[in-house]
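In the numbering used here, the protein residues as written are 1 to 373.
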């Protein structure tokens, strides 16, 4: 395993942290009966999938040929996604506790495969099986695929010519004004169907994710400046941490004061008036982990080893933690220690499975390289 500089190790630690946060938010719903758990949920929500797009932008290189990104897209995203979808579809009766594992090995789940085909064709992972959907979080995977296909446009925007630089800054400012305007409109006209439709478009379409990739790349120009980083590292680490914690707390406070209905349930329309703080918290997490100081080389290697598996952990964690709930006889976790402990257990089990999947990916990648040569 090759050693990677500390700055990359720091941001890979951020990738691990965000992947763990995804598991935390999916294990439990945001409910007001246990405020401590709700606050943890909010902190996890502010450090989850959007930060992955910022990290993608951090590593995005306009000089790298699109063919290279396309090969990565097929070898590391599309092919693994299809294989994992098919594998989980075949094992769904066992994962949901309906049958034995031996039954799944001896009976093809044709109906499940048809539904997987529907998911792949429509990019809509929200209609799988009644009361059991191990693919509901795959919206991120499909959004990432769409973003990869837009990389030629990003390559032009991130080039060093004057027109591209001006256009990129214009889009970044336009996007920021657009998102701030979204908050203002939603707060001012909360029941207007036209405004709500615009809100859906912003949340569900990949425009925001592409904007985050572009923002991550723009910030990387400054965060990779060694002189600037050495001079302001402490300020950036402390500032990023504070922004993340402050944004999460404000979102939690506003949600618990304004989004709770008369019977005590939290409104599931998250981060309406809180969106500016949501974006600020994401940037805080991103800046924190891109400016962390050097760690021990052995710890760096461990971080890089785990971070290399985060995509697979993300892909399979829904199936893993739901199976663990059945095995452990749990229906809900109502203590902070139990909540975080179960999330950690789900992460570790997902990591173990991901190690095998990563080896399979390497075989596929090597096979594609041989075909290409």
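We put the CB at the ideal spot given by N, CA and C, even for glycine.
- Item | Local conformation of residue 278 per DSSP, three classes | Here residue 278 corresponds to residue number 278 of the chain shown, with the count starting at 1. Residue state, collapsed to three classes: helix.
- Item | Buried versus exposed call for residue 168 [16 or more other C-beta atoms within 10 Å across all chains shown] | The residue labelled residue 168 in the question sits at position 168 within the chain shown. When all chains shown are included, residue 168 counts as buried.
- Item | Residues near residue 143 by beta carbon distance below 7 Å, same chain, minus five either side | For the purposes of this step, residue 143 is taken as the residue at position 143 of the chain shown. Result list for residue 143: 206, 209, in chain order.
- Task: On a CA-only basis, which of 57, 175, 76, 137 is nearest residue 318? Give me that one, please.
- Result: Residue 318 sits at position 318 when you count from the first residue of the chain shown. Residue 318 has its Cα closest to that of 137, out of 57, 175, 76, 137.
- Please go through the same chain and pick out, in chain order, the residues whose beta-carbon is closer than 8 Å to the beta-carbon of residue 339, but skip the five residues on each side of it. To locate residue 339, count along the chain shown from 1; it is residue 339. Only 24, 27, 28, 37, 40, 333 meet the Cβ criterion.
- Message: Comparing C-alpha positions only, which one of 315, 177, 145, 89 sits nearest to residue 56?
- Response: Translated into positions along the chain shown, residue 56 becomes position 56. The shortest C-alpha separation from residue 56 is found at 145.
- Among 285, 325, 348, 289, which residue has its Cα nearest to the Cα of residue 43? Your numbering for residue 43 matches position 43 in the chain shown. Cα-wise, what sits closest to residue 43 is 285.
- Task: Put residue 270 into one of helix, strand or coil per three-state DSSP.
- Result: The residue labelled residue 270 in the question sits at position 270 within the chain shown. Per-residue confidence for residue 270 stands at a pLDDT of 48, beneath the threshold of 50, marking its modelled position as unreliable; no derived number is given.
- So what does DSSP say about residue 132, is it helix, strand or coil? Looking up residue 132 in the chain shown gives position 132. Residue state, collapsed to three classes: strand.
- Message: Please state the DSSP three-state secondary structure of residue 108.
- Response: Residue 108 sits at position 108 when you count from the first residue of the chain shown. Residue 108 falls in the coil class under three-state DSSP.
- Message: Please confirm whether residue 21 has its beta-carbon closer than 9 Å to some beta-carbon of chain C.
- Response: Included in the structure is just one protein chain, with no chain C present.
- Message: Would the stretch 8 to 18 count as touching the stretch 46 to 56 if we require 3 or more Cβ pairs under 8 Å?
- Response: yes
- Message: Within 10 Å of its beta-carbon, does residue 2 have 16 or more other beta-carbons around it, so buried, or fewer, so exposed?
- Response: Taking the chain shown and counting its residues from 1, the one referred to as residue 2 is at position 2. Note that residue 2 scores a pLDDT of 39, beneath 50, so its modelled location is shaky and nothing firm can be said.
- Message: How far does the alpha helix (DSSP H) with residue 51 in it extend, from its first residue to its last?
- Response: Numbered from its first residue, the chain shown carries residue 51 at position 51. Residues 49 to 59.
- Just how far apart, CA to CA, sit residue 275 and residue 252? Your numbering for residue 275 matches position 275 in the chain shown. Your numbering for residue 252 matches position 252 in the chain shown. Whole-angstrom Cα-Cα distance: 12 Å.
- First and last residue of the uninterrupted alpha helix (DSSP H) at residue 333: By one-based count along the chain shown, residue 333 stands at place 333. Note, residue 333: premise wrong, no alpha helix (DSSP H); not H, not E.
- Message: If I follow the unbroken alpha helix (DSSP H) through residue 227, where does it start and stop?
- Response: As a working note, residue 227 is residue 227 in the chain shown. Its alpha helix (DSSP H) spans residues 226 to 258.
- Query: Cα separation between residue 86 and residue 116?
  - Reply: Here the question's residue 86 lines up with position 86 in the chain shown. Here the question's residue 116 lines up with position 116 in the chain shown. The straight-line gap from Cα to Cα measures roughly 7 Å.
- Message: Taking the beta carbon of residue 180 as the centre, do at least 16 other beta carbons fall within 10 Å, making it buried, or is it exposed?
- Response: What you label residue 180 is simply residue 180 of the chain shown in a count that begins at 1. It is exposed - the Cβ of residue 180 has fewer than 16 other Cβ atoms within 10 Å.
- Report yes if the CB atom of residue 287 is closer than 9 Å to the CB atom of residue 295, and no otherwise. On the chain shown, position 287 is the one that residue 287 refers to. On the chain shown, position 295 is the one that residue 295 refers to. Cβ distance not < 9 Å, so residue 287 and residue 295 don't count as in contact.
- Residue range of the unbroken alpha helix (DSSP H) whose run includes residue 158: Position 158 of the chain shown, counting from 1, holds the residue named residue 158. Premise fails: residue 158 is in no alpha helix (DSSP H) and is neither H nor E.
- Task: Measure the CB-CB distance between residue 361 and residue 314 and report whether it falls below 9 Å.
- Result: Indexing the chain shown from 1 puts residue 361 at position 361. Indexing the chain shown from 1 puts residue 314 at position 314. Not a contact, by the Cβ cut-off of 9 Å.
- Query: If you compare alpha carbons, which of 121, 103, 59, 81 is closest to residue 91?
  - Reply: On the chain shown, position 91 is the one that residue 91 refers to. Of the listed residues, the one whose Cα sits closest to residue 91 is 103.
- Any chance the CB of residue 291 is under 8 Å from a heavy atom of the ligand SAH? For the ligand SAH, the structure offers nothing, since it holds no ligand at all.
- Message: Comparing C-alpha positions only, which one of 292, 257, 211 sits nearest to residue 174?
- Response: Your numbering for residue 174 matches position 174 in the chain shown. The shortest Cα separation from residue 174 among 292, 257, 211 belongs to 211.
- Query: Taking the C-alpha atoms as reference points, what is the distance between residue 73 and residue 80?
  - Reply: Along the chain shown, one-based indexing puts residue 73 at 73. Along the chain shown, one-based indexing puts residue 80 at 80. Between residue 73 and residue 80, the C-alpha separation is close to 10 Å.
- Query: If you draw a straight line from the alpha carbon of residue 329 to that of residue 96, how long is it in whole angstroms?
  - Reply: Counted from its first residue, the chain shown places residue 329 at position 329. Counted from its first residue, the chain shown places residue 96 at position 96. Approximately 13 Å, taken between the alpha carbons.
- Measure the CB-CB distance between residue 166 and residue 135 and report whether it falls below 9 Å. On the chain shown, position 166 is the one that residue 166 refers to. On the chain shown, position 135 is the one that residue 135 refers to. Contact flag unset, no.
- Query: So is residue 93 buried or exposed if we call it buried at 16+ other beta carbons inside 10 Å?
  - Reply: Taking the chain shown and counting its residues from 1, the one referred to as residue 93 is at position 93. Residue 93 comes out buried.
- Message: Starting from residue 71, trace the alpha helix (DSSP H) in both directions and tell me its first and last residue.
- Response: Here residue 71 corresponds to residue number 71 of the chain shown, with the count starting at 1. Residue 71 -> alpha helix (DSSP H) spans 66 to 73.
- Integer Cβ distance of residue 54 from residue 215, believed to fall under 8 Å: On the chain shown, residue 54 is found 54 positions in, with the first residue counted as 1. On the chain shown, residue 215 is found 215 positions in, with the first residue counted as 1. So it is a contact: roughly 7 Å between Cβ atoms.
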